[in-house]
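Visitor: Structure incoming, see below.
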Amino acid sequence: MVQYANIISNGSSGGSGYSSLSGAMRVSSVPCYLLPQTIYHPPSSCAPGNASPVTFNTNGTVGMPLRIAGGNFSSVASSMKGGSDLIFQKRPDITRVNLRIMWPGYSDDIPRTIMVDTSTTRAKLANEVAKQILIYMERAAKSTRGHGKYTIGNSGINTEQVSLLSIQNTHDTNWQATLYISV
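For what it's worth, my numbering labels the leading residue of the sequence shown as 1496, then goes sequentially.
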C-alpha cells in the first residue's frame, strides 16, 4: 500500500484531512511515519515565525532521503524539484536559519546555524540542513539516551531510513525540520 504525506496545515489542528498533492506525490513505496517532534520554544519571548515553510522534494516524491540531501551538492541539485529556486530572494531580512532538532528522547538546546541570503537555493538549503541532521544523528547514536521506537543507532533508526520533507520557521530565526522515517 502506498502512503502519502499531508503537508497542508489548517493551523488549528496542525493538519488537514485532505491534500491535493496526495495523488501526485508519493512519499515512499515502503511504510513510513512522520517523526513526532515538540515545537521548540525559546526561553525568552520571541516573535512567532513568519516565513513560509520550505519543502524539499525529489521529482515525483515528497521529501528527500537524508543520504541524498546531505551528499554531493550537484546530485542534490539535479535530483531535487525546484533545486535552483532562490528561497529567500524576497526575504533579505532572513540571514540565518537556526535549526532546532527536537528528536523524541534526546535534548537539543544547541541551534545548528546555517547562514543564508537572497542567493540561497532550495538545493543548497536542503544540503546544509541534511548535513546538520546527519551530524546530530551520528552524535545521538553514541548516546545512551533515546525513546523507544525513536532511538537512533544500531538497533534503532539509522540515517538510511530518514527523509527530509521541509523546514518551518517557528520563532524568529528558529526553524525545525519535518522528517519521515521508513520502517
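Ideal placement from N, C-alpha and C gives every residue a C-beta, glycine not left out.
Looking only at its chain, what residues have a beta carbon closer than 6 Å to the beta carbon of residue 1670, apart from the 5 residues adjacent to it on each side?
Guide: Around residue 1670: 1592, 1594, 1662, 1664.
Visitor: For residue 1542, count neighbouring C-beta atoms within 10 Å of its own C-beta (all shown protein chains included) and say buried if the count is 16 or more, exposed if not.
Guide: Looking at its Cβ environment, which holds fewer than 16 other Cβ atoms inside 10 Å, residue 1542 is exposed.
Visitor: Can you tell me which of 1623, 1597, 1550, 1580 puts its alpha carbon nearest to the alpha carbon of residue 1614?
Guide: Taking only the C-alpha atoms, the option nearest residue 1614 is 1580.
Visitor: Using 8 Å for Cβ pairs, my map puts residue 1599 next to residue 1536. What's the rounded Cβ distance?
Guide: Wrong, their Cβ atoms sit about 16 Å apart, outside the cutoff.
Visitor: Curious, which full-length beta strand (DSSP E) runs of at least 3 residues does the stretch 1569–1616 contain?
Guide: You should have 1591–1595, 1607–1610.
Visitor: So, for residue 1651: in the same chain, excluding its five sequence neighbours on each side, which residues have a beta-carbon less than 7 Å away from its beta-carbon?
Guide: So the list reads 1641, once near-sequence residues are dropped.
Visitor: Please return the same chain residues whose Cβ sits closer than 6 Å to the Cβ of residue 1740, not counting the five positions on each side in sequence.
Guide: Since the first residue of the chain shown is 1496 and the last is 1678, residue 1740 is not available in this structure.
Visitor: With a threshold of 16 other CB atoms inside 10 Å of the CB of residue 1519, please say whether the residue is buried or exposed.
Guide: Because the pLDDT of residue 1519 is 41, which lies under 50, any placement of that residue in the model is unreliable, and the number read from its coordinates should be weighed accordingly. Under this definition residue 1519 is an exposed residue.
Visitor: Give me the residue from 1567, 1545, 1575 with the minimum Cα distance to residue 1557.
Guide: Ranking the options by Cα distance to residue 1557, first place goes to 1575.
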